[in-house]
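Heads up, the thing below is written out as structure tokens.
In our numbering, the protein residues as written are 1338 to 1489.
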């Protein structure tokens, strides 16, 4: 699913969010990578729990290939203490940001978890995928390949 041009234009990913390690960053701090894969998820979301190992595996396939992965957790403030152990147990080794007040989630009109965005090097949304079903990771990989090759 592609975002409408009006939503693409207003999607900035400029909000600074806290990482689970305590640092703050924006998605645009990753500029310089050709593509950034952004995954909105929650610890209580069953499709998210199923998709995360596939995204971790995909992130390993693209290590050093100008593709960055970022997870954005939208658990409520009372559940944020669960996020770090959850990420560790799922071996998420890319940055995980906390959007516990759902500011970025709301700004981008995300309504389904998980929601995955693929951004270009300027932070423009190239692709959006809502939900997760077994095999969707093949779609994600195909889209990443398509966008990497279109920039050659």
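Using N, Cα and C, we set each Cβ at its ideal position, and we do this for glycine too.
Tell me residue i's beta-bridge partners as DSSP assigns them.
i, result
"residue 1431", "DSSP output for residue 1431 lists no bridge partner at all."
"residue 1376", "1408 and 1453"
For the putative contact between residue i and residue j, defined by C-beta atoms under 8 Å, what is the C-beta separation to the nearest angstrom?
i, j, result
"residue 1441", "residue 1352", "5 Å"
"residue 1429", "residue 1393", "6 Å"
"residue 1372", "residue 1457", "7 Å"
"residue 1409", "residue 1434", "5 Å"
"residue 1414", "residue 1362", "Not confirmed; about 19 Å, so no contact."
"residue 1443", "residue 1412", "About 15 Å separates the two Cβ atoms, so there is no contact after all."
Going by C-alpha to C-alpha distance, which of the options sits closest to residue i?
i, options, result
"residue 1424", "1389, 1438, 1398 and 1395", "1389"
"residue 1451", "1376, 1360 and 1367", "1376"
"residue 1391", "1360, 1475 and 1483", "1475"
"residue 1454", "1460, 1461 and 1465", "1465"
"residue 1382", "1468, 1484 and 1365", "1468"
"residue 1478", "1420, 1396 and 1355", "1396"
"residue 1406", "1448, 1367, 1486 and 1470", "1367"
"residue 1421", "1385, 1380 and 1487", "1380"
"residue 1417", "1385, 1355, 1483 and 1471", "1355"
"residue 1448", "1378, 1471 and 1365", "1378"
"residue 1470", "1385, 1360 and 1364", "1385"
"residue 1483", "1404, 1387, 1460 and 1426", "1404"
"residue 1401", "1481, 1360, 1462 and 1370", "1370"
How is residue i classed by DSSP in three states: helix, strand or coil?
i, result
"residue 1411", "coil"
"residue 1356", "strand"
"residue 1363", "coil"
"residue 1473", "helix"
"residue 1416", "helix"
"residue 1482", "helix"
"residue 1382", "coil"
"residue 1400", "coil"
"residue 1342", "Unreliable placement is indicated for residue 1342, whose pLDDT of 38 sits below 50; no coordinate value is reported for it."
"residue 1437", "coil"
For residue i, decide whether its Cβ has a neighbour in chain D, counting only Cβ atoms nearer than 9 Å.
i, result
"residue 1427", "As a matter of chain content, chain D is missing from the structure shown, which is built from one protein chain."
Taking only runs that begin and end inside the stretch 1446-1471, name each unbroken beta strand (DSSP E) of 3 or more residues, in chain order. DSSP runs (the beta strand (DSSP E)) wholly in the stretch 1446-1471: 1452-1456 and 1462-1467.
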